[in-house]
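K.L.:
Residue numbers (our numbering): 7 to 631.
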Amino acid sequence: MPCSSRIGNLPSAVLLLCLAAPAWGQEEACLGCHDNKGMAAQAPQVAASRFASSAHKDLGCAGCHQGKDEVPHPKKAPAVSCAGCHEDSSKAVRASDHGRMLLQTRKGAALCLACHGSPHELRKTADPASAVSRARIPETCDSCHKKMDFKGKFGVEPFTSYAQTVHGKAHLAGHNGKAAVCTDCHGSHSLDFSSDSRSRANRNNIPKTCGRCHPGPLALYTRSIHGRKAAARVKDAPVCTDCHGEHNIKDLREPGSMVYTGSIVKTCSACHGSEKLIAKFGMPLDPAKAYRDGYHGVAFTAGNLAAANCASCHHHHDILPSEDPKSSVHPGNLQKTCGACHPRAGDLVGMGKVHTAITEAARDLPETIMRLVRQGYILLIVLTIGGMLAHNFLDHKRKLLLGPSHHAHDLQSLRLSVNERVQHLFLLVSFIGLAYTGFCHTYPESVFSRYVFTGATGAHWRSGLHRVFALVLMLLACYHMAWLAGAKEGRGEFKDMFPRWQDVPDVLQLQRYNLTHRGEPPKFGRFNYMEKAEYWALVWGTGVMVVTGCVAWFRDISLHVLPKWCIDLCLLIHFMEAVLACLAILVWHSYWTVFDVDVYPMNWAWITGKFKLPSAQVRDDEQPS
């Protein structure tokens, strides 16, 4: 600094020293009473040691307490006002919603004391001991906001969750001195309700507020479809707090976070599954439901957190419309996006639509096909299972009317060889295993699933077991076909099981017999039409389940040769066929092997190989030797 400048400042320095001396002297006089515990009843106490280290120590008592030079003090001295020195801050507080709420319980300078504490002990903001230092801001705000009556009185939620947030944990642990505290998001003196457009926590200001600490995500968000809509003041456009929460923001790796891998679908579905918002903005019809019904959604819902979710494909902050060349879901970028999980899927040129919804208002050919297939299967299930129930009801009713004497029989025929019984055992185990693990996969929250397969580990066990049972069924099918073609016994079995024209009259004759109670029931060959129908339904169902299941199992190859909607169609068929098969087993197979009067309490052929049958229903050429 030039010498002339220092000399020029001397008069000012001398003046300050002259003014300060009386202030210190006056302070000592005041503290003679106010730091005297013996006069506590007559004079408010001020600890001299604490005042000496406060931010106001250089002001002297008269700097704030004007008009109290005389002792005893005048009763009508001017009120203490912080605005004399802190005019801008004082105006900001009084104009804010926070200040107005405080004025309901405090007056004058006490308004400032609510946060800053006693002015006789007040420290500078940079001092860690200050009530308004970054280190103590949460504690200071908590002193009021933890009171439960605040919600009823002011409509403010109690301050309870900050310590559990990602910001609070980092701040309280001291790992990050820049972790957000209350004032970073809400401001300090100009603290208004979030409904006020001036508030930092106002919906329109949230991106800017969060962007002060997170400039990178803000830059991506600003360019995204969400950011552009929010900037245009579209009130339903999502901002930071819609996805991350407000006072419950957690680390994205925590299961409780709104953007945790296991929660992201639920978070996105709040908007993209809302019928109101879908209709308002003309968004694709319920993409959230289309996702849940698709391959990824079924796996994700079943607990497989490695399955692709919304953010896996659309990304996080830089979400763009699919027609934007920069979008991760633009057709030109699908190879890179999908290739992150499916590196062997190829160029995916023919992938087509990803979200294919099954709705009455189908918008294109794939959705129309899926809707028709679903409706066709529903009709098939109703007619097939309904027909089975009617058929079995008539049969059971007729046999009950005939009485027990009609059912006495001693004829035993060897129905199943040891080889066939072993095949049946493998079929029994694989079918039950596939049905159970399959429906657990589709309905992971059901009672029969959630207590057996829980979490990501349960999901891996469930899918792994399903594939093991599928492999057993496929190997059994291959062996059975080889046995039918290569073994004499198998060829004879195939010949007897093959449908014949005689089966049609047998159906009609048995129904006439059951309905009219006239005539005689038909005499069947080694296998009746009920058994043939079940066998060929099993053959058909196994083929359908194997083909559609392998399409989903070997998804990388499937994506390389099939459009995405074909894979979704296979999953739909796989599910509907499973429903049909399980209902058929419950209604048809269980009746003829357990509840049929002729075999009750069970057809033991699957264990002994022998089957009892009334002689009246056996043709002469089928009588056992």
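We put the CB at the ideal spot given by N, CA and C, even for glycine.
Does the contact criterion of 3 or more C-beta pairs under 8 Å hold for the segment 525 to 537 versus the segment 560 to 568?
P.N.:
Counting Cβ pairs under 8 Å, fewer than three are found: no touch.
K.L.:
Alpha carbon to alpha carbon, how far is Pro223 from Ala27? Give it in angstroms, no decimals.
P.N.:
Any reading at Ala27 needs caution, since the residue's pLDDT is 43, under 50, leaving its predicted position unreliable; the model's value is listed next. The alpha-carbon atoms of Ala27 and Pro223 are separated by roughly 55 Å.
K.L.:
Taking Ile255 as the reference, give the member of Val271, Cys556, Ser200 and Ala176 with the closest Cα.
P.N.:
Considering only alpha carbons, the answer is Ala176.
K.L.:
Answer with buried or exposed for Lys570, where buried requires no fewer than 16 other C-beta atoms within 10 angstroms of its C-beta.
P.N.:
Classification of Lys570: buried, given that the 10 Å Cβ count is 16 or more.
K.L.:
Just to confirm the assignment, what range does the alpha helix (DSSP H) spanning Val86 have?
P.N.:
Note, Val86: premise wrong, no alpha helix (DSSP H); not H, not E.
K.L.:
What do you get for Trp594, buried or exposed, if any count of 16 or more other CB atoms within 10 angstroms of its CB means buried?
P.N.:
The residue in question, Trp594, is buried, as its Cβ has 16 or more Cβ neighbours within 10 Å.
K.L.:
Can you tell me whether Met264 is buried or exposed? The criterion is at least 16 other CB atoms within 10 Å of its CB, across all chains shown.
P.N.:
Buried is the call here.
K.L.:
Work out the CA separation of Cys249 and Lys272 for me, nearest whole Å.
P.N.:
Cα to Cα, Lys272 sits roughly 10 Å from Cys249.
K.L.:
For Ser419, does the three-state DSSP call read helix, strand or coil?
P.N.:
The answer is strand: DSSP assigns Ser419 an E or B state.
K.L.:
If you measure from the beta carbon of Pro125 to each beta carbon in chain C, is any gap under 7 Å?
P.N.:
Given the protein chain composition of this structure (a single chain), no chain C is represented.
K.L.:
Specify the secondary structure class of Phe504 as computed by DSSP and reduced to three states.
P.N.:
The answer is coil: DSSP assigns Phe504 none of H, G, I, E or B.
K.L.:
How do the segment 301 to 312 and the segment 203 to 217 stand: do at least 3 beta-carbon pairs fall below 8 Å, yes or no?
P.N.:
Contact between the segment 301 to 312 and the segment 203 to 217 is absent, because fewer than three Cβ pairs lie under 8 Å.
K.L.:
Taking only runs of the alpha helix (DSSP H) that begin and end inside the segment 283 to 310, which ones reach a length of at least 4 residues, in chain order?
P.N.:
The qualifying runs are 293 to 299 and 301 to 307.
K.L.:
How far does the alpha helix (DSSP H) with Cys344 in it extend, from its first residue to its last?
P.N.:
Note, Cys344: alpha helix (DSSP H), Leu340 to Gly345.
K.L.:
For the structure I just gave you, are there three or more beta carbon pairs, one from the segment 336 to 346 and one from the segment 274 to 291, closer than 8 Å?
P.N.:
Touching, no.
K.L.:
Which residue wins for smallest C-alpha separation from Val513, given the options Met394, His580 and Asp574?
P.N.:
Comparing Cα positions, the closest option is Met394.
K.L.:
Name the two residues that bound the continuous alpha helix (DSSP H) containing Asp103.
P.N.:
Its alpha helix (DSSP H) spans residues Asp103 to Leu109.
K.L.:
Below 8 Å on the Cβ atoms is my contact criterion, and I expect Leu434 with Lys616 to pass it. Report the Cβ-Cβ distance as a whole number of Å.
P.N.:
The pair is not a contact, with the Cβ atoms about 18 Å apart (cut-off 8 Å).
K.L.:
Which residue marks the beginning of the alpha helix (DSSP H) containing Lys214, and which one marks its end?
P.N.:
Where Lys214 is concerned, the enclosing alpha helix (DSSP H) stretches over Ile212 to Gly217.
K.L.:
Excluding sequence positions up to five away, which residues of its chain have a Cβ less than 8 Å from the Cβ of His126?
P.N.:
Val52, Ala53, Arg56, Phe57, Ser60 and His62.
K.L.:
What separation, rounded to the nearest whole angstrom, lies between the Cα atoms of Pro78 and Asp94?
P.N.:
Looking at the two C-alpha atoms, the distance is approximately 34 Å.
K.L.:
Figure out for me which residue from Val550, Lys130 and Pro261 has the closest Cα to the Cα of Gly461.
P.N.:
Considering only alpha carbons, the answer is Pro261.
K.L.:
Going by the DSSP bridge assignment, what does Phe617 pair with across the sheet?
P.N.:
According to DSSP, which records beta bridges pairwise, Phe617 is partnered with Ser419.
K.L.:
Please say whether Gly464 and Gly268 have beta carbons closer to each other than 7 Å?
P.N.:
Result no, Cβ atoms of Gly268 and Gly464 do not sit closer than 7 Å.
K.L.:
Excluding sequence positions up to five away, which residues of its chain have a Cβ less than 7 Å from the Cβ of Leu516?
P.N.:
Here the set comprises Pro527 and Pro528.
K.L.:
State the DSSP-derived secondary structure class of Phe560, mapped to helix, strand or coil.
P.N.:
Three-state DSSP puts Phe560 in coil, outside helix and strand.
K.L.:
Rounded to whole angstroms, what is the Cα-Cα separation between Ala137 and Arg350?
P.N.:
Cα-Cα distance, rounded: 60 Å.
K.L.:
Determine, using beta carbons only, whether Ser436 and Val478 come nearer to each other than 7 Å.
P.N.:
For Ser436 and Val478, yes; Cβs fall inside 7 Å.
K.L.:
Determine the closest residue to His323 out of Glu540, Gly555 and His220, with distance taken between C-alpha atoms.
P.N.:
Here the closest residue by C-alpha is His220.
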